[in-house]
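2 protein chains.
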Amino acid sequence: VTTDAKATDPKVNEARVNAGNAAETKPAGAAKTLPQKIVPLSGFPEWLPEERMVELRVLRIISETFEIHGFAPLETRSVEPVDYLRGGGEDAQKEVYFLTRGAQDSKIELGLHFDLTVPLARYVIENGARLAFPFRRYQVQKSWRGERPQHGRFREFYQADADIIADGTLPIAVDTEMPALLHACMRRLAAEAHFPTMTLRVNNRKVMDGFYLGLGIENPSSVLRIVDKLDKIGAGKVRELLVGIGLGETQADACLALGQIAGDFHSVQTAVLAMGVTHDVLRQGLEELSLVWSCLSNEDRSRTKIDLRIARGLDYYTGTIFEGTLDGHEVLGAVCSGGRYDHLTAAFGAKKPMPGVGASIGVSRILARLFELKAVRASRKSPAAVLVALHDDLSYPAAMSLATTLRSRGIAVELATTAEKYGKQIARADAKGIPYVWFPETMTEPHRVKDIRSGNQVDADPQTWKPAEEDVTVRIL
Amino acid sequence: VTTDAKATDPKVNEARVNAGNAAETKPAGAAKTLPQKIVPLSGFPEWLPEERMVELRVLRIISETFEIHGFAPLETRSVEPVDYLRGGGEDAQKEVYFLTRGAQDSKIELGLHFDLTVPLARYVIENGARLAFPFRRYQVQKSWRGERPQHGRFREFYQADADIIADGTLPIAVDTEMPALLHACMRRLAAEAHFPTMTLRVNNRKVMDGFYLGLGIENPSSVLRIVDKLDKIGAGKVRELLVGIGLGETQADACLALGQIAGDFHSVQTAVLAMGVTHDVLRQGLEELSLVWSCLSNEDRSRTKIDLRIARGLDYYTGTIFEGTLDGHEVLGAVCSGGRYDHLTAAFGAKKPMPGVGASIGVSRILARLFELKAVRASRKSPAAVLVALHDDLSYPAAMSLATTLRSRGIAVELATTAEKYGKQIARADAKGIPYVWFPETMTEPHRVKDIRSGNQVDADPQTWKPAEEDVTVRIL
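Residue numbers (the numbering used here), protein chains in the order written: chain D, 1298 to 1774; chain W, 1298 to 1774.
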């Protein structure tokens, strides 16, 4: 696993060697000068095949769960005009990878998208007339951020997003679909891919904004941006910054105290009301929280907390916000998140309101952690259940024909490439964790299949032999 | 569908509008200046959800077929140091998208990969000690080429690649796995996704090189690069160019005549030998072609031709080469291709020979064509089989609970967002092609499900009701 933490800084330009050769056809690659030592690129994780098999299973579970919840798949292009990406705020802009190329033929500056939300808003406006609303789509694809790589932060990473966008009104109760969706995904991942369980923390921007307004603070979003840093810089520093932007000490303390409130909805409401701050926006926020809480299933509610510390830095959220952590891995931070946004498409010229609510799962962040801890792995390094061995070079066509027969019956087969000694061919199967080696029939011997774990060997008919049920496909351990 | 042909040139910078609004929380997106009209980016195709469902099914069929053939999944990062990409030759380099970003902190120039072969070679050298050989991997991911968009050529596109890389020798017979793999993929795509059938044309670089050498031509690869343009510029122009680089007219005519030879292996061999040119490399090439031909199954052989016109422009091929066209869609050019390469990893410092053979399917090119012709489509625009209707706003929690019950039974459900008149809710289901609408129980009525195609309505129990078998998942039509 190439995680940030382990990657050394690449210095590929330092050591060079001319790897030319005298091949008759002069392959271009071989004739070029390239670095002698190849080192990982920090922030661009790459998995081994046995890890990629886990990742594919995880992405599949998430996609299936999204579809069961009525979200249609979508994939947007990887690039957007830089102008669109600037909407993501200064920080995002600093992190955008811009594209240039030798033969430039377009005046549009392009960049790689840094999330799947800006592309969604653009896509909805671009294709509005061809979409059916409410538009429920999911996207499971990569995004890029040119930020300084840190542990658990990547420059290229997978995100799985689902959103509902309305072409008119979108009642608050609908927000509940997102916590329910995240719980459904993480529950299946815990059951089928040995993921830790997830706890979701829910808040509402209007509770925070309304409380700040009720305290007489005129610009609640500047307070929110500071409070959002609580986990990173601590209460003392947050208090200092709040006073720094002009809050009185009592106001600053009240803002910090609000962030300490967490629990089920009713205890949270009681605690907020006990602070004696009132404002219409605060009242509306508590009503929205109450509605979302009441629509959760009992099962989901048992893994959900109202937590007024959750702020979600992104500017575009307008109501419900939530984020989830993996139980026992809270140090990893939020692994899924989302919320309500009422104005996202306005920037792209939507003429009528298009409120939306969405959720996102940070797949790469979770997998990097679980791979590093060796908490999940595939049962073998190859999808193949059987290695068809080669008796001698001349028998290749017969072995190929045998492999074709097994493959047509849905059995995943690797065909040996060279007629090495059987012991060596068995060792190659073993190195990949392939459980069975098939020795094709010869003039004197019938087809035989060996389970290389037990050493058991049986005569076999290519038309009827089957691997044991648990060996048919790769399992997640 | 946003294909090149239809896309107008983007002029997003011309028309601008400030879409600011007075929302209390000032969402960042809404406060920015963005173009009023959003137009597609030429060369970056994006599908509608009902097309993406087809694409996902196609990618899934290909991935499954690769796995049945014993290839393990791999995904490499999207970027490579530009130095590595330069190995792809001048044309490729011109087409590379380079990356830059605001806060540059690395001296390594990065670019988006333009194929999956250079990343594979780099990955194998970087991770060699952790891989089991022969390394059989597949990659289904996007590549980028900043070339001038033409019909059927994209700047961002999906490719599905499978390769076998040996850590020593890789007998020629193994090359046959690739034509067999391509035939298996395209056969399943024809059967399950209504793709046209595929015809594969096979050649061997050594036949061409050996023939040119036998003619007394010293630099066969320069001839090959010209002959490769036959389809684009025609025989007259190719002849002219061949004479231009110093070939005699007889030599040029012989080169052109070689390209006219096609058929089954034996007729091709007879025709080549009849031309009276001899060379050891030519003899070896014919032997290799013979071996690959003999290892093909009868079924595959009936869709395969030896065709000495096939040149494959890429420098790195050293032996077997092949490309496939869709029957009836030959105008589209090659939709899959591949071949043998013996020196690819040498450029990255491989100390021992690592010969490989690979195949690639141009998924985006095929799908763009089939979508444009409306030759394939999904049976509906949403994965949902059922829309759960809303009786009134207050019944949302009960409707949510009902949706949860159905979803937990594996039925894909969309939950209505607003309690519009039932007629309007049915119209929304119809717009997405969702076949059933579920009317939740009320004080006076039981649960009822309506098949909105037939109008049939039945009482239903959420614990037992099932959609008709053919409605459970989206089908490809």
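Heads up, the beta-carbon is just placed ideally off N, CA and C, and yes, glycines get one too. All of these numbers come straight from a predicted model, not from anything done at the bench.
Query	Result
DSSP-derived helix/strand/coil call for D/Gly1543	coil
Contact list for the segment 1685-1703 of chain D against chain W, Cβ threshold 7 Å	Asp1690, Tyr1693, Pro1694, Met1697, Ser1698, Thr1701
D/Tyr1435 vs D/Ser1661 beta-carbon contact at 8 Å	no
Status (buried if at least 16 other CB within 10 Å, exposed otherwise) for D/Leu1413	buried
Interface flag, W/Asn1424 vs chain D, CB-CB below 8 Å	yes
Closer than 7 Å: W/Leu1467 CB and nearest the ligand GDP heavy atom	Inclusion of the ligand GDP in the displayed structure is not the case, the ligand content being empty and no account of it being possible.
7 Å Cβ cut-off: residues of chain D touching W/Lys1526	Chain D residues near W/Lys1526: none, gap ~17 Å exceeds 7 Å.
Contacting residues, own chain, Cβ-Cβ under 6 Å from D/Met1475 (five flanking each side not counted)	Gly1635, Val1654, Ala1656
Close-in-space but distant-in-sequence residues of the same chain around W/Gly1511 (CB under 6 Å, 5 per side omitted)	Val1574, Thr1575, His1576, Leu1579
As assigned by DSSP and simplified to three states, the class of D/Phe1341	coil
Interface residues of the segment 1467-1494 of chain D facing chain W [CB-CB below 8 Å]	Leu1467, Pro1468, Ala1470, Val1471, Thr1473, Glu1474, Ala1477, Ala1481
DSSP three-state assignment for W/Arg1674, whether helix, strand or coil	coil
Contact with chain W by D/His1366, beta-carbon distance below 8 Å	yes
W/Thr1622 classed as buried or exposed, judged by whether at least 16 other C-beta atoms fall within 10 angstroms	buried
3 or more residues per run - each beta strand (DSSP E) lying fully within the segment 1566-1637 of chain W	1601-1604, 1617-1623
Closer than 8 Å at the beta carbon, the chain D residues around W/Ser1440	Per Cβ cutoff of 8 Å: no residues; W/Ser1440 is ~11 Å from chain D at best.
Where W/Glu1711 meets chain D, residues with beta-carbon distance less than 7 Å	Gly1367, Arg1433
Beta carbon proximity, W/Phe1645 to chain D, threshold 8 Å	yes
Cβ contact check for the segment 1348-1360 of chain D and the segment 1416-1423 of chain D: 3 or more pairs under 8 Å	no
Where W/Ala1328 sits in the DSSP three-state scheme	Low confidence applies to W/Ala1328: its pLDDT is 42, below 50, so where it sits in the model is not reliable, and the reading given next is rough at best. W/Ala1328: helix per DSSP, three-state reduction.
Beta-carbon proximity list for W/Ile1462, same chain, < 6 Å, skipping 5 on both sides	Val1421, Phe1432, Met1651, Gly1653
Residue range of the unbroken beta strand (DSSP E) whose run includes W/Ile1365	Counting along the chain, W/Ile1365 falls outside any beta strand (DSSP E), though it belongs to the alpha helix (DSSP H) covering 1346-1365.
Chain W within 8 Å of D/Glu1585, Cβ atoms only	no
Residue span of the beta strand (DSSP E) that contains W/Ile1422, given as start and end	Where W/Ile1422 is concerned, there is no enclosing beta strand (DSSP E), although the alpha helix (DSSP H) it sits in stretches over 1414-1424.
Sheet register partners of D/Lys1747 (DSSP bridge)	D/Val1734, D/Gln1754
Chain-ordered chain D contacts of W/Ala1463 [CB-CB under 9 Å]	Thr1714, Thr1715
DSSP three-state assignment for W/Phe1368, whether helix, strand or coil	coil
Terminal residues of the beta strand (DSSP E) in which D/Arg1502 lies	Not the beta strand (DSSP E): D/Arg1502 falls in the alpha helix (DSSP H), residues 1502-1511.
Test: D/Val1376 CB closer than 8 Å to a CB of chain W	yes
Same chain, Cβ closer than 6 Å to D/Phe1508, neighbours up to 5 away in sequence not counted	Leu1555, Val1574, Leu1579
Own chain partners of W/Ile1607 with C-beta closer than 8 Å, once the 5 adjacent residues on each side are dropped	Arg1498, Val1499, Asn1500, Ile1618, Phe1619, Glu1620
N-terminal and C-terminal residue of the alpha helix (DSSP H) that W/Gly1727 is part of	The sequence given here has Asp at residue 1727 of chain W, not Gly. 1719-1729 is the span of the alpha helix (DSSP H), which, as asked, contains W/Asp1727.
Contiguous alpha helix (DSSP H) assignments of at least 4 residues, all confined to the segment 1453-1490 of chain W	1474-1490
Residue range of the unbroken beta strand (DSSP E) whose run includes W/Pro1680	No beta strand (DSSP E) contains W/Pro1680, which DSSP labels as neither H nor E.
Residue from D/Gly1707, D/Lys1729, D/Gln1548, D/Leu1699 whose Cα sits closest to the Cα of D/Thr1739	D/Leu1699
Meets three-Cβ-pair contact criterion under 8 Å: the segment 1375-1383 of chain W and the segment 1702-1719 of chain D	no
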